[in-house]
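A.B. asks:
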């Protein structure tokens, strides 16, 4: 395991990958135009840059699970950022003023590197298990964990009171 | 493993828990007022019912990760629905017209039972690792996987074109 590389960063001292509470199954893979060193920072950047779309291929046993999804629909794509380190608990991103806790950041570096991406379906082939999505910031080859419908009535938190 | 219990449902024929692609670490636990048989169906129901708030307790090694979070802030709480079966790929929920694929549903039953909950922080004790949240639909004792900031510019998909 590498050491924290920027001032103020803090590591756990263990790798969360070795503290298993449960096991995840990879249900497919994401194909994108991005590789380490050249990916957009987030979905907004991906959309602004153009060429940021992606293609999800779901493994055969899971393809029946796509029944009912439609082109144009907004979904959550859950990904496993398998190339991110998992032990940094305080990080000093270049854009921030000083170090911040991992849970206050959208960084891919986190104890469980699960990414949630709010995207739209641009194409759909149920038989082949292929889903085109309008944007992604994830590297080509990233494992897929789940797809869920995006629901405005639930996925937007209520306005703060007061 | 139990068999599908409603007409039209379909099972994988294996338990995704046994097809491990990666291991997840539990970073804390959720305390709520809900138990099997008596939980709201989603966050909206939880908020309408009242008494739906919860309390997250983050394990000691991960508490530095909370630095920078604030009361009132909107966050994603990622949970592991450890009491849900994982092998149903086509489901026939009572509210739907006919069976639908798991990925077209928000059901807790899915190959990787990861829940994402858009909530607001109502209280915060960094030292004790305690975070109050305004609503949850999860059972008391549900394992916590992650906390991320909720960001309107990223977590709301763009309007469909045309």
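Protein chains in written order, with the numbering used here: chain U, 6 to 167; chain V, 6 to 167.
Using N, Cα and C, we set each Cβ at its ideal position, and we do this for glycine too.
Can you list the residues of chain V that residue 124 of chain U reaches, using a CB-CB cut of under 7 Å?
C.D. replies: 162
A.B. asks: Please determine, among V:147, V:54, V:123 and V:77, the residue with the shortest C-alpha to C-alpha distance to residue 61 of chain V.
C.D. replies: V:147
A.B. asks: Is residue 113 of chain V close to chain U, meaning its C-beta is less than 8 Å from at least one C-beta of that chain?
C.D. replies: no
A.B. asks: Is there a C-beta anywhere in chain U that falls below 8 Å from the one on residue 55 of chain V?
C.D. replies: no
A.B. asks: What residue ranges within the segment 56-85 of chain U form continuous beta strand (DSSP E) runs of no fewer than 3 residues, ordered along the chain?
C.D. replies: 59-63 and 79-85
A.B. asks: Determine, for residue 97 of chain V, whether the minimum Cβ-Cβ distance to residues of chain U falls below 8 Å.
C.D. replies: no
A.B. asks: When Cβ atoms are compared, which residues of the segment 12-31 of chain U fall closer than 7 Å to chain V?
C.D. replies: Those residues of the segment 12-31 of chain U that come within reach of chain V (Cβ to Cβ, closer than 7 Å) are 15, 17, 21, 22, 24, 25, 26, 27, 28, 29, 30 and 31.
A.B. asks: Under 8 Å Cβ to Cβ from residue 52 of chain V, same chain only, skipping five residues before and after it: list those, please.
C.D. replies: 139 and 140
A.B. asks: Counting only Cβ pairs nearer than 9 Å, list the residues of chain V close to residue 87 of chain U.
C.D. replies: 26 and 27
A.B. asks: State the Cα-Cα distance for the pair residue 74 of chain V and residue 153 of chain V, rounded to the nearest angstrom.
C.D. replies: 9 Å
A.B. asks: Find the nearest neighbour of residue 115 of chain U within the set U:87, U:159 and U:145, judged by alpha-carbon distance.
C.D. replies: When U:87, U:159 and U:145 are compared, the shortest CA-CA separation from residue 115 of chain U is found for U:87.
A.B. asks: I need the boundaries of the beta strand (DSSP E) containing residue 137 of chain V, first residue and last residue.
C.D. replies: First-last of the beta strand (DSSP E) with residue 137 of chain V: 135-138.
A.B. asks: Along the chain, where does the alpha helix (DSSP H) that runs through residue 53 of chain U open and close?
C.D. replies: 48-54
A.B. asks: Only counting the same chain, and skipping five residues up and downstream in sequence, which positions put a Cβ closer than 7 Å to that of residue 46 of chain U?
C.D. replies: 142
A.B. asks: Considering only C-alpha positions, which residue in the set U:39, U:21 and U:29 is nearest to residue 149 of chain U?
C.D. replies: That would be U:29, whose Cα lies nearest to the Cα of residue 149 of chain U.
A.B. asks: Can you give the Cα-Cα distance for residue 27 of chain V and residue 78 of chain V, rounded to whole angstroms?
C.D. replies: Taking the CA atoms as reference points, residue 27 of chain V sits about 31 Å from residue 78 of chain V.
A.B. asks: Does residue 145 of chain U get closer than 8 Å to chain V when you measure Cβ to Cβ?
C.D. replies: no
A.B. asks: Can you give me the start and stop residues for the beta strand (DSSP E) that residue 119 of chain V sits inside?
C.D. replies: 119-130
A.B. asks: Can you name the start and end residues of the alpha helix (DSSP H) that residue 12 of chain V belongs to?
C.D. replies: Counting along the chain, residue 12 of chain V falls outside any alpha helix (DSSP H), and DSSP gives it neither H nor E.
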